[in-house]
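Heads up, the thing below is written out as structure tokens.
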Amino acid sequence: MSRSVSSVKNIVAGMGGQLFVYLLKFVTRTVFIHTLGKEYLGLQGLFSNILGLLNLAELGVALAVAYTLYKPLESKDENKIYAIMGFLKKAYFVIGLIILIVGSSLIPVLPFLMKGSTDLVNVNLIYILYLLEISASYLLFSYKRTILIADQKRYVVNIVSITTTIITTIAQFGILIVVYKLIGPSEAFICYLLASCLAQFFINFVISKKADKMYPYLKEKRDAKLSKPEKTELFKKIFGTSVYKINSTIVKSTDSILISSVLGLGTNGSYSNYYFITNNVFIFVRMMFSSVTASVGNLITKETTEKSEFIFRCLGQISYWIFGFFAVCMFVLIEPFVCLWAGDSYSLGQVASWIFALEFLMEGYQVVSLTYKDAGGLFWFGKYRPMVTAILNIIISLLLVHRLGVTGVILGTIISRFLTTWWFEPMLVYKKTFKMPVFGYFVKYIFAVMIVLISVVIVELLSGFYTGNAVVSFVIKMVLCIIVPNLLFFVAYFKTKEFTYIKQTVKNLLGGITGKLKRKKA
0 MSRSVSSVKN IVAGMGGQLF VYLLKFVTRT VFIHTLGKEY LGLQGLFSNI LGLLNLAELG
60 VALAVAYTLY KPLESKDENK IYAIMGFLKK AYFVIGLIIL IVGSSLIPVL PFLMKGSTDL
120 VNVNLIYILY LLEISASYLL FSYKRTILIA DQKRYVVNIV SITTTIITTI AQFGILIVVY
180 KLIGPSEAFI CYLLASCLAQ FFINFVISKK ADKMYPYLKE KRDAKLSKPE KTELFKKIFG
240 TSVYKINSTI VKSTDSILIS SVLGLGTNGS YSNYYFITNN VFIFVRMMFS SVTASVGNLI
300 TKETTEKSEF IFRCLGQISY WIFGFFAVCM FVLIEPFVCL WAGDSYSLGQ VASWIFALEF
360 LMEGYQVVSL TYKDAGGLFW FGKYRPMVTA ILNIIISLLL VHRLGVTGVI LGTIISRFLT
420 TWWFEPMLVY KKTFKMPVFG YFVKYIFAVM IVLISVVIVE LLSGFYTGNA VVSFVIKMVL
480 CIIVPNLLFF VAYFKTKEFT YIKQTVKNLL GGITGKLKRK KA
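In numbering that gives the first Met the number 0, the protein residues as written are 0 to 521.
What follows is the structure in structure tokens.
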């Protein structure tokens, strides 16, 4: 199967179903807001982020192992694949135990992380449910999804995850409606979380069975093991990628914890709504790029440096356009949307919404660099830089939260990234993978940011002519957000080599799919 076809299948399976999932999650969250309320929402966000700090799968073990699997999968070296997966199984079991032990030790400090009331529900029970959901996935089956992702079959994982999530979200919707009325809010919240725990177990179980069927030799008993030098190299990759992921995890998780402990669960509930919108949009768009990571790894190992760098620029242009478009929507629409959706009491103000949009833009425009860094196995270089980012984020957020509230916390994240991550990842990719100057990358980056900011100004100016009904005003702004940035990006890019290549690639893919369908009918 070609890289392009594999990437398209991964993208379609991931993004297609995810749209429906997000719609369901949005409906369920709306019911959650109007039944359980702001404090329960804040409690959910707090515990998710506390345990996010312990979620070591996000610390890069699976990513480093996936990179190690690229070559043996390409050469169909079953013994090497078996040995690597055996190593991953043991590593995940240890990770699960660590999460369980360290997570349990945090129970006594939970009250200190919640400013205000903690008598909404049995806090310890809720926390334990979250803890079991994460640790059990490592102790049981989740490691087998790595081989599917490395073998450009992420679509299998996505289909199982999305299908299960749809069923679970519908069940949670019913729980919030029925159990809340019959028994009460605390019981409804517990049942809501139990449904999520069972879903995660089922997802990992089904993916494990799929992997066993597609790679039957994984179930065999073989004597294949990694040599000591191979283990040393793998541990080196794991350490290198872990410090990168530690940074991301700390930055995302400590913001919510800091807001809850300093500003209260209610404010954290309001923050979680903005984060829910920006993060889900980011995950949805990022799925396009994470779905091609294995294909990029294959590209780097097979093609010339010039071809690899050109594809990097093509993906970069796509990311500038797509993330730029959504960033414009967030700059203009997120604040009025929250007020219309959840109510004015959940609003954090226009300035906070702009800062959320700016953070989204900065993170989105880094995606392609991170994709190439991961696919190229550049885990060891700059290994201490992410630790600096995480420390800076905590210090700056602590300094600003008492003066600026939620806005100060998000600003701490942006400033810490700007001082470290923003410039380092692309420089690393160009220096180590392409061996070319990075100056042109930053010129294109700044140009794309300028298009976004100009689009925001134009939309705000044009929409300012109408000051009537809030819903009508929102619709006018939404239409302008669709037209203005897309028009400006098209004018800026349509004559470039990258745009021509992207257009031709899309035509070839569509032509191939159409031809295949015609042959099937014949």
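Glycine residues also receive a C-beta, built at the ideal position from the N, C-alpha and C atoms.
Residues in its own chain within less than 6 Å of residue i by CB, not counting five upstream and five downstream?
| i | result |
| --- | --- |
| M0 | Interpretation of M0 is limited by its pLDDT of 48, a score under 50 that renders its predicted location unreliable; the figure taken from the coordinates is listed afterwards. Result list for M0: empty, nothing under 6 Å. |
| Q199 | E132 and S136 |
| C338 | S346 |
| Y142 | L87, K88 and Y91 |
| G363 | F322 |
| E497 | R312, C313 and Q316 |
| S134 | G95, I98 and L99 |
Distance, Cα to Cα, residue i vs residue j?
| i | j | result |
| --- | --- | --- |
| S269 | L138 | 34 Å |
| K494 | F92 | 52 Å |
| V437 | Y429 | 6 Å |
| I161 | F464 | 42 Å |
| G183 | L461 | 48 Å |
| A82 | N203 | 21 Å |
| Y129 | L62 | 24 Å |
| F277 | D222 | The question names Phe, but residue 277 in the sequence shown is Thr. Taking the straight line from one Cα to the other gives about 47 Å. |
| Y500 | M449 | 24 Å |
| E219 | Q17 | 35 Å |
| L53 | F488 | 40 Å |
| V451 | T253 | 29 Å |
| A424 | M435 | Contrary to the premise, residue 424 reads as Glu rather than Ala in this sequence. Each residue's Cα considered, the two are about 14 Å apart. |
| G44 | N485 | 34 Å |
| P107 | V101 | 12 Å |
| I413 | G404 | 15 Å |
| N272 | K75 | 46 Å |
| Q171 | I32 | 13 Å |
| F473 | M329 | 12 Å |
| I333 | L357 | 12 Å |
| V478 | I165 | 29 Å |
If you count every other CB in all the chains shown that lies within 10 Å of the CB of residue i, and 16 or more means buried, which is it?
| i | result |
| --- | --- |
| N468 | exposed |
| N392 | buried |
| P385 | buried |
| V367 | buried |
| I282 | exposed |
| Y69 | buried |
| L192 | buried |
| V284 | buried |
| K230 | exposed |
| K502 | exposed |
| K152 | buried |
| K236 | buried |
| V20 | buried |
| R28 | buried |
| Q349 | exposed |
| G411 | buried |
| V280 | buried |
| K37 | buried |
| V505 | exposed |
| V522 | With the chain covering 0 to 521 only, the question about residue 522 has no answer from this structure. |
Output needed for residue i: all residues of its chain with C-beta closer than 7 Å, excluding positions within five of it in sequence on either side, in chain order.
| i | result |
| --- | --- |
| V554 | The structure shown does not extend to residue 554, since the chain is modelled only from 0 to 521, so the question has no answer here. |
| R416 | M361 and T388 |
| G407 | S396, L399 and V400 |
Apart from the five residues just before and just after residue i, which ones in its own chain have a Cβ nearer than 8 Å to its Cβ?
| i | result |
| --- | --- |
| T163 | A198, F201, I202 and V205 |
| F523 | In the structure as shown, the chain begins at 0 and stops at 521. Residue 523 is therefore absent and cannot be evaluated. |
| V471 | Y465 |
message: For the structure I just gave you, are there three or more beta carbon pairs, one from the region 309 to 321 and one from the region 440 to 448, closer than 8 Å?
response: Yes, they touch.
message: I want to know whether the region 335 to 349 touches the region 262 to 281 - three or more CB-CB distances under 8 Å.
response: yes
task: Indicate whether the contact test is met: 3 or more Cβ pairs, each with one atom in the region 361 to 375 and one in the region 392 to 399, closer than 8 Å.
output: no
Any alpha helix (DSSP H) of 4 or more consecutive residues that is wholly inside the region 313 to 373: Taken in chain order, the whole alpha helix (DSSP H) runs of length 4 or more contained in the region 313 to 373 are 349 to 363.
message: In chain order, what are the residue ranges of uninterrupted alpha helix (DSSP H) at least 4 long that sit wholly in the region 411 to 490?
response: 420 to 427 and 438 to 462
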